[in-house]
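Structure record follows, encoded as structure tokens.
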Amino acid sequence: MPPTSIDDDVLRRLERVFSTVPVMEHSLVGTGWFGEDVLWLAPEDDGPFRSLTDAVPRELPAYPPFDGQFADVVPHLTTADRRPLDQMQSAERLVLRQLSIRCLARELSLVVRHDSSGRWTRSASFALGSASAK
Numbered sequence: 008m009p010p011t012s013i014d015d016d017v018l019r020r021l022e023r024v025f026s027t028v029p030v031m032e033h034s035l036v037g038t039g040w041f042g043e044d045v046l047w048l049a050p051e052d053d054g055p056f057r058s059l060t061d062a063v064p065r066e067l068p069a070y071p072p073f074d075g076q077f078a079d080v081v082p083h084l085t086t087a088d089r090r091p092l093d094q095m096q097s098a099e100r101l102v103l104r105q106l107s108i109r110c111l112a113r114e115l116s117l118v119v120r121h122d123s124s125g126r127w128t129r130s131a132s133f134a135l136g137s138a139s140a141k
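For my numbering, add 7 to where a residue sits in the sequence shown, where the first one is 1.
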């Protein structure tokens, strides 16, 4: 979704979706790679994350994840992105010694990429499970 399309209506709709998703306990248990460009951590059970990813285009069908570029969206936590390969491999070795990492996801952040700089910034955040708390 282009950042210019993120308006109050979109934010309300996302908040409605995320408020129905419970807080998620999970463990990060392994690493993975997208080519040699991106190192990431994998959750032990990616089902809740896949469900969450699938919920957004049900609410906003014009905006599939990653603009529909990928047939399968892989739930992950990016650890290193487009850095020298030897540095990312070194980071992977360090991270592997720390696994498994237990986590609690309480909120989601909406991040937008600025094409001119390639930087990502947080545009909004949403509490998980707030509908069940009401």
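Virtual Cβ for every residue (Gly too), placed ideally from N, Cα, C.
This structure is a prediction, so every number in the text was calculated from the model and none was measured.
- For Ala98, the enclosing alpha helix (DSSP H) stretches over residues 92 to 103.
- Residue Leu59 holds the alpha-carbon nearest to the alpha-carbon of Ser116 among Leu59, Glu43, Trp40, Gly39.
- In the same chain as Gly39, and ignoring 5 residues on each side of it, the C-beta atoms closer than 6 angstroms to its own belong to Trp47, Ala49, in chain order.
- For Ala131, the enclosing beta strand (DSSP E) stretches over residues 127 to 134.
- Contact annotation, Val30 with Leu111: C-beta distance approximately 6 angstroms; criterion of less than 8 angstroms satisfied.
- Every unbroken stretch of the alpha helix (DSSP H) spanning 4 or more residues and falling wholly within the segment 45 to 83 is given here in chain order: 54 to 66.
- Under the DSSP assignment, Ser34 falls in the beta strand (DSSP E) whose first and last residues are 31 to 41.
- Shown here, Thr85 sits in a strand according to DSSP, grouped into three states.
- Counting of Cβ neighbours within 10 angstroms places Phe77 among the exposed residues, the total staying below 16.
- Spatial neighbours of Glu22 in its own chain (CB-CB distance under 6 angstroms, excluding positions within 5 residues in sequence) are listed in chain order as Phe133.
- Pro82 places its beta carbon less than 8 angstroms from that of Phe56.
- A Cβ-Cβ contact shorter than 8 angstroms links Ser107 with Leu35.
- In the DSSP assignment, no residue is bridged to Leu18.
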